[in-house]
Every structure is written in C-alpha cells, then in structure tokens.
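First up is the structure itself, then whatever we jot down about it.
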Amino acid sequence: MKKVGNHTSFSRILLFCLAFSLSFSFTSFAQDTAAAAPADVAAPDAGAGDPAKGKELFNSLCAACHKLDARATGPALRGVADRQDRAWLYKWIKNSSEVIKSGDPYAVKLFAEYNNSVMTAFPQLSDKDIDDILAYTSQPKADVPPPPSGDVAASGAGSDNGVNNTLVLGALVLVLLVLIVMLILVNKTLRKVAEANGIDVAENEPSVSLWKAYAKNQFLVLVTVILLLLSSSYFLYGYLMQIGVDKGYEPIQPIHFSHKIHAGENGVDCKYCHSSARVSKHSGIPSLNVCMNCHKNIAEFQGSKDSTYVDYSKEFYTAEIQKLYDAVGWDKTTQSYTGKQKPVKWVRIHNLPDFVYFNHSQHVSVAGIECQKCHGPVETFEIMKQDAPLTMGWCINCHRETNVKVEGNEYYEKIHDELAKKYGVVKLTAANMGGTECGKCHY
Amino acid sequence: MASNKKYWQSVEELKENSSIVETLRNNEFVEEIPTDEFLGDKETLSSSSTSRRDFLKYVGFSTAAASLAACEGPVIKSIPYVVQPEEIIPGVADYYATTVADGFDFANILVKTREGRPIKVENNNLPGSKIKPNARVYASVLSLYDSMRLKEPMVQGKPASWEEVDAKVKAGLAKAASSGGQVVLLTNTMASPSTDKIIAEFGARYSNFKHVVYDAVSASEALDAFETVYGERALADYDFSKADVIVSVGADFLGDWQGGGCDTGYAEGRIPKNGKMSKHIQIESNMSLSGANADKRIPMTVTEQKYALVTLYNAVMGMSVSVPAFTNKEAVAKAAQQLKSAGSKGVLVSGLDDVNAQLLVLAINNALQSEAFNPAGARLVRKGDAKAVAQLVQDMKAGTVDTLIMSGVNPVYTLPNSADFVDGLKKVKFSVAFSMKEDETASLTTIAAAAPHYLESWGDVSMAKGYYSITQPTIRPLFKTRQLQDSLLLWSGNPQSYYDYLKASHNSEGTGKTWNQMVHDGVHRDEAATAVATAAPADFGGAASRLAGAKKAGDLELVLYTKVGMGDGQQANNPWLQEFPDPITRVSWDNYVTVSKADAERLDLENYNVANGGMNGSIVTLEVNGKKLENVPVIVQPGQAKGTVGLSLGYGRTAAMKEEMKVGVNAYTLYNNFNSLQSVKLTKTSGDHEFACVQLHKTLMGRGDIIKETTLTEFNDKDASVWNEVPVVSLDHKEVPATSVDLWTSFDRTTGHHFNLSIDLNACTGCGACVIACHAENNVPVVGKSEVRRSRDMHWLRIDRYYSSEDTFAGDVELKESASGLLDSISTFDQMEDPAENPQVAFQPVFCQHCNHAPCETVCPVAATSHSRQGQNHMAYNRCVGTRYCANNCPYKVRRFNWFLYNKNEEFDYHMNDDLGRMVLNPDVNVRSRGVMEKCSLCIQMTQATILTAKREGRPVRKDEFYTACTEACGSGAMVFGDINNEEDTVVKLKEDERMYHLLEHIGTKPNVFYQVKVRNT
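Chains F and X, in that order, are what the protein sequence lines are.
Note that the numbering used here gives residue 25 to position 25 of the first sequence, counting from 1, and the numbers run on in steps of one.
Note that the numbering used here gives residue 908 to position 908 of the second sequence, counting from 1, and the numbers run on in steps of one.
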C-alpha cells in the first residue's frame, strides 16, 4: 500500500525552527491588535450596542443564514448599519415579511435578490438586542495574519532539543576522534624516542590472526551460525508478519478533510456523518449531501487564529471546501445547485480482507463501543489514518477482554444468566458468548 | 536381492542384433530429437536482439517485481453517493414486492436488493399471493445480469436510438392505417389487465387489427374445453390441499402443468395428520416430478391414458362408453373406484393435449363436486390460441400481414413450422420484436426493440380471478430499454407514461388499497370478485366416445415435456439453470430422449459409466412426420412407459447465447400442432454422448438408514420402533441403540441458540427451488459441463433421487434381508442395482448435516473447519489449505472443493467472469478462491443477521424468526429451520416427532439436520 505522510523530513524540521524563531515577533504583533480592538469598538456612534453580547446573539440567531463578510442564504452583514437606517432595520429584523408587504422598494428588491427566501421573524428581539448585533456587525474586519499555534511552537521546541542532542553527540564524537589521533601520535613519538635511545621495542609475536583462530574454533563458528540464523529468522518473521498490516496508512485524499477540525474543534458527533454505523455493517463514507447540511453555510474556513487545530492556511482550507462544492455541484454565488456532480473518489483506509465479516452496528449500537476504541483519537487527526493494526489477534484480544453490554437488552437476559452460571463469572466477555468462533467472522 | 531373471522393456530387446537395441544402449531415444528444427535457423537466432543474458535479466526482474508487488496492497477507492437516496443504507438490504409474468412462469415474489441492485428472489408470503416462485423464478435474477442482453434498440441489425425507432414505427403504422393493411400484435400470455386495455386502445386505431396470444408450450386444448363449458378462455384452478384422492392422467401438476404452483397445497395434504394423508395416483408415460411423488404410479402410453380417462369417466358418472382393451386396466379401475368413493374429496387432473380429455376432466370433477376443483377462481396464466397462431402463419405466408409487433415470444425458435414463419416474416412489410435478447426472432425483424427485464419494469398481473398483483422495478434499467406498454402508449399518441397509466388503472381496479400500499404489498385478493361459475351443458358423452376412439399414434409415442430447470427455454442463457440437475434424471447441461428399458434393449440403446464416473449414452435420430432431429442422446429412464419416449423442450437455442450454453437439441421442431404427443421413429446412430450427470441411475438397494420409508397403514398401526428403527451397535457385547453410544464427550448446548433443520421427505417434491436459492444466497460458482461430468459440481445442496428395484422400497429391504450366504448376496445385489420397470422414487435433499461430532473437523490439519456452540459447522476459507481430508472423511459427501478459480477466469466464462454477472453476488458472503473447500454453512450470514437485528432491537429472537435460503425457498414447507433451544420454534416439535431420524444414525455423528420418515399411502 502506498504510504504517504511521513513528512518529518529535514526540511520540515527547518521549517519548524524558522516558525519558532519568527513566532516571537508575531505574538507581540497579535498582542498589539488585541489591545487595540476594544478602543475601536468604543468608537461607533451607536454607542448603545455591546458587540460582545451582539456576537453571541449573532451566532445563535443569524449565523445560520448570514455571514459577516460573505453572501450566504442572506446578504453579508458587516456594516449593514451603514447601509440602512436603524428604524428600518428594527422593523425588518422583527418582521421582514411585513416590510416586504408594505411595498418598501428596498425590501422588495432584497427579497427578490435572495431567491424569495423569507427571513425568520424575530419579534422577541428588543431594540437593544438589535443594537448589540449591529454593534457587532459594525466592527471593522480584523486583518490579522495567522499566528503560529502553541502546538507548533511546542513541536518546534521539541525539534530544537533534537538538534541539541545531535550537537552534543557530534561534539563527543569529535572529542573521541581527537583523542584517538592524539594517542596514535603519542605512540609514534614514544617509539621514535625508544629507537633513538636504542631500546629494542619488542615486536609482536607473529601470532595467528584473530580471524583464522576464529575460523578454526568450530564451536564458535557453530554458535555464530546459530545466532545468525536465529536473528535473521526473527527479522524475517517480523517482516513477513507486517505484510498486509497497514497500521498508520495515511493516504492523500482527493479532498483534504480534517477530522481535527470537524470532530475535534467543532465536536461533530462521529455518527452524524457516519450514520449507517448504527444500523449497517458499513460505517459508510457520508454522501456529499450530508456535508452540505453544514457547508451550505460554511463557504470558507473561519478558524480562529490562535487555536490549536489549524495546520494549514485559511486559503488552503477554503479551497478544499470549494472542492466539495465542485463535486456536489453547488454554486456559491447564486447559492444554488448546478446539477453537475462529480462523485468524490476517496481512498479507503480501513480495508478488511473479503473473508472477514465485520459489522459496525454490532459494535456501535449493540455493544456501545466508542469509535475511538478501534479508530484511535480521530478527533486529533488532521489527516485520517489507520490507527489499529486490524489484525485477527487484535480483534480476538478485544473479544477476550471486553464484557458484553447486557444492560437493558432483553436479548441477553436469558443467555447471559445461563452462560454466566456455566462459566462461573459475573460478567461475560464477548469470547464467552462465542465471539472467538471462526464462523462468527469468516463466512 | 540378486536374480538372474532378465527384465525387458520392449519385445525388440529380445531380438538379437537388433539395431534399435544397439541405438538404445547409447541413447535414450531411438531417433534423434529434432532440435535442429528449432535451432537450425541460425539467422533468426543471431539477428534477434534478445540475448540469453537479456532473457535472464527479464526473468530476474519480473520475479523480483512480482514478489515486491505482492507485498503491496492495492489502493482501494470508495465512492459514496453524491446525494444518497433516503431508502438506501449501504450494507442494509431492501426488499420490494413484485410479480413475475414472463408468459410461462408467474409468481408473487419479494426481491432482495443491496445498494440498489437486486441479488435474490424470495417468497411473498402476504395473503393474496397466488403462485410461489419455482427454481426458474429464483434463477431469474441472474437473467437480469445476462451479458448477452440486447442493450439498445436495433434497426435492421444496426444500433439505433429510440427516437429513430419511434419515427420508423409511426411511419410504418401510419402506412398500414391508410392502406388498411393488417396490423398484428403477437404476444405471450401477459395476464395484465392494464396491458389488455392499452392493447385495446392501440388496436382501436386500426381497422384491421388483431391481437394473437401465443404460448410456446401450449395449453390451448384445456383452454378450449374450459371455454366450451364455462364460456371463458381460462383454466380451472385446483387446491390439492382439499383433496383426499388425487388422480392425475398425464398432468405433471408438481411441474409446469398449467402454470405450476400447485405443490404448496399438494404438500399440505401429504403430511400425515391424525393418521390421514392424501392418496395420489399418477397415470403417465414420462417419469415426471408428480409421478415420482405419487403413491401409485401407472405407466401408460398416451393413447392408453385416453382410454384410462374414459374408464374413469364411466366409473364416476356411471356411463358405459366402450373402451378398447389396454394394459393396467385393473389398476385404473381400482383408481376409478377410489376416486368415486372419495366423492367431493377426490379430484382429477389431466395434461393430455386433447380437448375431449379436458372436457371429461371438467365433467368428472363437476360430477364429484370436487372441493379441490375451482372453476370460479379460474387461472388466467395461459391464454394462447393455437389455431390463431396457425392462422397468423398462414396469413403471413399469404402476404396479408402488413405490420407485425411481437413481444415476449420467440416464434422462430419455438414454432414447429418456424421455416414457414420465417418465410412469412419476409413478406411482412414492417416487423418489430420486443425482446430482451437479439434472439432467433429479433434478429430477423425490421426492428429489435430492446425490452427490459421484469425487475426493471412496471406492470400488473391477474393470475387468477380475484387476484391482483403489481410488478415494480427494483433497479433502474441497465440498458436503453423500453417496455411494450410504454411504446404502445407512445405509438397510440397517448402522452401518459405506463407508470401513470398503471396507477390510474389500479385506482379503477377497486382493490380498496392506496397505490402506495398496493405497490408495497405487491398482491391483493378480492374474494368477492370470484363469481360462481356455472357449467354449461356440453357433449361429454360424445367427447368420451371420441376419446375412446383414439387410435394409437404409432409404434413409438414421443411425449414432449418441459424440464423443471429449463421450462420453455426463455432463460437458456442462465448458467444456474443449465447446471441445475434435473430432479429425475440428475443430468445437467442437456436434454435427451428418455427411453424405457424394454425399448432400449429392443433398439440396442444403452447408458454406461466410464472410468471417471461420467455417464455416456447412445445417440439416436428422431423422425416425426418426416422431420428429423439428429444427435439426440439417450437416457434409459426407469419408469418410462413402454412404447413411449420423452424429450424436453427449451434446449438447443443458438442465438444470443454464450458458447457454453448452446447445449441440447431443439424439440420444438417436433411440436407439431402444439401437441405434446407425436408419433416417432428412433434410429440409432454411431457414437456416444457424454452426459454431465451427478448421480447414477442405480437404486437405493434397500439401505433403509438413508431413506426410511413406510406405509400409511404401518405408520398408523405399528409402533414407531418398527418403521423408524434406531440402529443398534454393540457396546460391551450388548446391543444398544447407536444414539446412546458416544466416542466423544458432548458439549452442553442448552444455552444460546442451537440450530436444527428438519426435512420432511413426505412434503419434499424434489422441485429444486432450494438448490437455486442456495446458489443465489451463497455465491456458489457454476463450473460447467465438463467439470460436472468429473463430479466437481459445487452445489452445496443436492437433492438425491433414489429408485427401488422392487415395486416398493420396502420390497428392496425384504429382498436384501432374505439373501443368505455370500453367493446369494452377490447375485441379489447385482439384481438389486437395476431399478424396476416402474420403481418407486424418493427425493432427499442432502447438504452439510452440521454434525455435533463432525468427522471432518477431526481430520483437518489446520483446524479450518470447527464447530460452533450454535450447532453450525464452520468453514474458515482463509484457513483452509486444501488437503481435502475433510471431504474424504465426510460420510455424507457434502463438501465441495474449488478445483479452479471460478471467478474472473476465462476458462469458466459464466456469470462470475463478467462485471454484469458479478452484480448478483451476495456481498455478505465471501467468494471462494481456488484450492479451498466449501460447503453449506446453514446460511450463517442469515442467522447472524437475525440475531443482530434482535440484539439491536433489544428483544429475544421471535418464534420461527430464523431462516435459511433453502427453508425460505421451500414452497412445500418440507424444510423447517429453527432454534431448538427456543421451545416455541416449530422445529422443536418436529425434532420430537416420531418420524424424525438422522441420516446414517449408526455412525454417531449426531447431525443437526434431521429427516422425517417418508410415508406412502399405498
């Protein structure tokens, strides 16, 4: 299998070092802007609004259809307070349909422009709330270069240590070399001195060379051969046993999908996308319409600058989202489907051989096992990889160790009691239930 | 050891001074090996740029590359839906109710689909289902993925678009309409109310329109008789569960007679309940499935059968029409007496292609007031009119037919006078054939309209009065096909699609169900719709005397029939059906003429087995009315009536067929006047035919531990230990029941599930639906004729057929036990090997018996086969190294070895060798590779799925919830599967039944499959 992803090359280390050294200057810059921001907020004339509160309201009520800087279901809202007067906005937000009905030309135009989609009425919002929201939307766009994350800094430091170690080792080697050279020189000098003094330096007896002596000692030869054979078979066995074991398989996917962002930062439940894991043998790669449930409104990456989950640039991620749009045939600008679809050819990571039957629903729904138990800490994976060896020994071990989850499942009621009595245990393992029988997985 | 003996290798050495001996002393070969031929061309050798070193380099490189490549796994792509359909979850099967109606087979079914592709046919058990699927219907899902299908419409042999076709047809029809030429629609029996309406609307546009219905295998005479008496072109329906005495005169009602599907009711009455079971007397000439199941079988020529029918008529009606003398008259008279005394509990059926015979059947059943006879709920599955077809061929030849539209028929292949039809077709101005294949007919018409498979079509079917069912597509059309109904609507200028038309038509049908409900159920029964049928008076007496006056057809009567596997030959390109062994002859991949032993001796015909176990047979030429059919192989069939020979229809197709499937001879060429009875002359020709036969034509030789059989009287009167004897073995010099002795310690199997499967030999008719269902469920490969001949067939489930050498199996046992002394035994056994002229037949489905003490498990050197707590004998293919010890040690011979790679292998060019055919594979079952052993798993994938469903729903498994592919397919209820640790399951009661026995009980394997003793009502 093609293994990709061992990017820890020298260049990467260099990059980290560079990033590390640069980070100091950037952090100080970030601190500057952070300090400056409150001052900016205070500036707008509608002083009544509290942008912090407004942000909260915006995210809970408006963000489903509006973005600050991009058109979504509705228009971009940054600076909306400058476009319309506040009274109109109060009316519009509280009940837009009425404004349209009243024949307000701007409202009608807006309505038509956005595919006649009616904006939810928010009669529960007070004028103060709206002021807060408007204060938030009136904040100028912060144009901040992405700061290096703490994670990167830490790993940078780690690689620094590595460099130090090599340096120390190198120095040691150098010292040793110097010592050897010095010894040789001393020896030569002493010999010359001895010769000059007429002392006869005893020549080594013409003894049998070590190699020949070794070759004559049959016992030693035998031991060596046995050792060689044993060690080579050990390594051969090790090599053969890893054939077809693809732990760590981390292929490049057609769309760079970050589980770290989705499952980690955003906390999307695994089974939201992999829904068939609950009922089917396959966990299923989500169809693209599932992606669009969220990505209809998330057209660009908006990860916060100082978070730990960002490995690539904002533009990179946004370009990947665009790939999704291309595949599903979604036109961002008109907010509509074009009908031109291009199915995504994902590279399958977890490949069981044909002769193994594995059923996700048995493990996920019946046994209630966390996905991470087999798939590893997926929420920390920027690039998805195979975390477990997926060998038979690995499966069987778990079946031997894991207790069957019988609580609240009437299926097990009778069987469990009887088997528990039979085996004299309180809790049955999957193996006790017959989970290590060949035919349970091989048919 | 020293010896002076002279050894010699050839006679030449004995000669002195032989030059050859001299040469041989110095050389291994007498003549020089002709290496010069190879090396002599020095020029080519030296001019070649490839040196020896290069060659070695290539070898080295390719070896290294191959071994390196083997260590790298392939990159597997996984492509999800862009928009996933709501009802599809990858990995979860969806079921759709639909209906088959191909003109020959009609059945209400469920279709199992995975990821949008149909993979298996199952029973639709909802009330309102009329006919259960048979082996051919189970196999029909593979015909959907036939790579030889017509993929787009063709105009004069060239691919075309539907627009072109429509333009041409409309122009053609317009011309016909303006000129007043005859427009003829020739179809099979569709039994579709909505299609009938569409055809009527289409026909109304033309002044000279005719709709001719043509059944390849005709039931025209029976239809005529029914029409005479009841005024409607239909067939009487029979419910054999209501009959105590069944007399059949030449009707193979367990086979394809009048649309089939009678076995369910029949089997119900065959299971002894309260000391009673039905009595079945079969009068026939070929050994049919019905004859094999009968309590009393009377072999007779067809002419004699006619006399027998008149005798029955005389007895039941108290008439005295004079009948010529015939053999077995007493037996018939006895049957007549039994039928008469049964009164309303008796029923008579007949398959004779004679309107008089069919009239008598109606008269007799009416006189008996038979409960099983149901003319009111008449069957509508055969409508063909032999006379109209004959008229059409005449018209065509006369050139009076302007336009001919055909659908679902292949007259060039199925008509006896197909040459006339082809001549006529040339005179037809414009012809269209709706066909799934570019078959014999479609390749001769102006337009070959690609028709969809029924699994891609809409439709409605009324199989019998009061029954209404829906055909719905289960997959999008694979090719550019369009069904007849859509086309007719379009050509009659109706903008509606057939789907809309059908929906509207359903609403007027008055089922009381919403359209969605109707499509969901697939079936509806309206009991009120079956009006009482009143019999009009007809000239029964005249019919009887006309029948009694029937003259013998000739020296030898040819009786044409259809095989359970092939039917009318529509699915001849289906490898499952070709490899399906005929239940009676156990021959696959062939049709043949069946000859009685006496006639075979007279004509010097024989069957014999060759060294590799294969069977060979003589070859004959058949001559009917001067028409010859050459190269027909012979099977000497026990039970074939003397003076008759049988030949099955449906074989010998050549168009749109894979090379391997072009087997057999076309018997339709002898099907003159659509009559299954023909006078024939047999001439032996030189040579032998090689059969692919999976079981020898020998007898059971009284081995009562394989098939236990008893009579109803014995069953009722005597203790079970008499007729279901438990074998005894010697333990400490005492005879003890074999079941009590054990070489092994038994496991405790009282907890969890413990699966058992019961097979009732009384209910099993041998129909073979289970064999095909097993094929479909378990991805069993097809191996082809030559491999089957080498006994390498892969059927996990086989249905053994046994004959007796005496008139009964009990007679065999008696004979065997009466033999005393070695010499006597030898001669007795010799004599017993030969089946009798009219043997009793027994069927026994055999597959892995899942022994609790399995002999196969102990001999496997790698523990590839092991036992589970649930009673299933597991087979881990990935562990198997192919020593085949297990197969050798299996007393039931149910293990199958993959001698070759049967998928993606050019040598085995069946469905697993093309992408389309592989779509039928069940994704839950592994496709086995070369060199591994395989066998029945008791459908562990299905039992595990049932358990998982229960676990997921948090409930215990329900009563009778477990099932396997074979028990699901068993329409007669002979096979029952279940968990014996669940007291509610039906199988628990069956296990305790006194008829229960295990196969080869004395060897102590303790199987989890058991059988019920066969009881005959003699």
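All C-beta atoms, glycine included, are put in the ideal place defined by N, C-alpha and C.
None of these values were measured; they are calculated from a predicted model.
Annotation: the continuous beta strand (DSSP E) that includes X/F977 extends over 975-979. X/M566 carries a coil assignment under DSSP once its states are collapsed to helix, strand and coil.
For the 8 Å CB-CB criterion, X/W899 and X/F847 do not form a contact. Taking C-beta atoms as the reference points, X/A536 and X/V1013 fail to come closer than 8 Å. At least one CB atom of chain F sits nearer than 8 Å to the CB of X/Y81. For F/G393, no CB of chain X lies under 8 Å from its own CB, so it is not counted at the interface with that chain.
Close to X/R869, with beta-carbon spacing below 8 Å, are these residues of chain F in chain order: G434, E437. By a beta-carbon distance limit of 8 Å, X/A378 contacts X/D237. Their separation comes to about 6 Å. In chain order, D354 make up the part of chain F whose C-beta sits under 9 Å from the C-beta of X/V927. With fewer than 16 other Cβ atoms from the protein chains shown falling within 10 Å of its own Cβ, X/D500 counts as exposed. Within chain F, the residues whose beta carbon sits less than 7 Å from that of X/T751 are I415, E418, L419, K422, listed in sequence order. Residue nearest to X/G569 within the set X/L558, X/G664, X/R476 is X/G664 (criterion: CA-CA distance). X/I119 and X/L144 have their C-alpha atoms some 10 Å from each other. Within the region 264-293 of chain F, the residues whose Cβ lies closer than 7 Å to any Cβ of chain X are, in chain order, S276, V279, S280, K281, H282, G284, I285, P286, S287, L288, N289. Rounded to whole angstroms, the Cβ separation of X/K951 and F/Y411 is 5 Å, and the two are in contact under 8 Å. Fully enclosed beta strand (DSSP E) runs of no fewer than 3 residues occupy 296-299 of the region 296-324 of chain X, in order along the chain.
Residues of chain X with a Cβ closer than 8 Å to the Cβ of F/S361 are, in chain order, L948, R952.
If you ignore the 5 residues before and after X/T943, its C-beta comes within less than 8 Å of the C-beta of H753, F755, Q870, Q872, F962, T964, all in its own chain and listed in chain order. Of the other Cβ atoms in all chains shown, 16 or more fall within 10 Å of the Cβ of X/R896; this residue is therefore buried. In the displayed model, X/N889 falls within a helix according to three-state DSSP. Here the region 135-155 of chain X lies against the region 428-445 of chain X, with 3 or more beta-carbon pairs under 8 Å apart. Short of 6 Å from the beta carbon of X/S218, and not among the five residues preceding or following it, lie these beta carbons of its own chain, in chain order: G384, A386, F674. Judged by DSSP in its simplified three-state form, F/D417 adopts helix. For X/Y877, the chain F residues whose C-beta falls within less than 9 Å of its own C-beta are F355, H442, Y443, listed in chain order. Distance between X/Y892 and X/R703, taken at the CA atoms: about 14 Å. Below the 8 Å Cβ cutoff, chain X contributes G73, I76 as neighbours of F/N351, in chain order.
Rounded to the nearest whole angstrom, the CA to CA distance from F/L324 to F/Y317 is 11 Å. At a beta-carbon threshold of 8 Å, the residues of chain F lying near X/R955 are E410, Y411, ordered along the chain.
Here X/S791 is near X/G613, since their CB atoms are less than 8 Å apart. Using a Cβ-Cβ cut-off of 8 Å, F/G244 counts as an interface residue toward chain X, since at least one Cβ of chain X sits closer than that to its own. The Cβ-Cβ distance between F/K94 and F/A121 falls below 8 Å. Of the other Cβ atoms in all chains shown, fewer than 16 fall within 10 Å of the Cβ of F/F235; this residue is therefore exposed. Boundaries of the beta strand (DSSP E) around X/M615: 615-624.
Against X/V92, the close residues of chain F are V279, S280, in the order they occur along the chain (beta-carbon pairs closer than 7 Å). At a cut-off of 8 Å between C-beta atoms, X/H874 counts as an interface residue with respect to chain F.
Each residue's CA atom was taken as its position, placing F/C273 and F/N297 some 17 Å apart.
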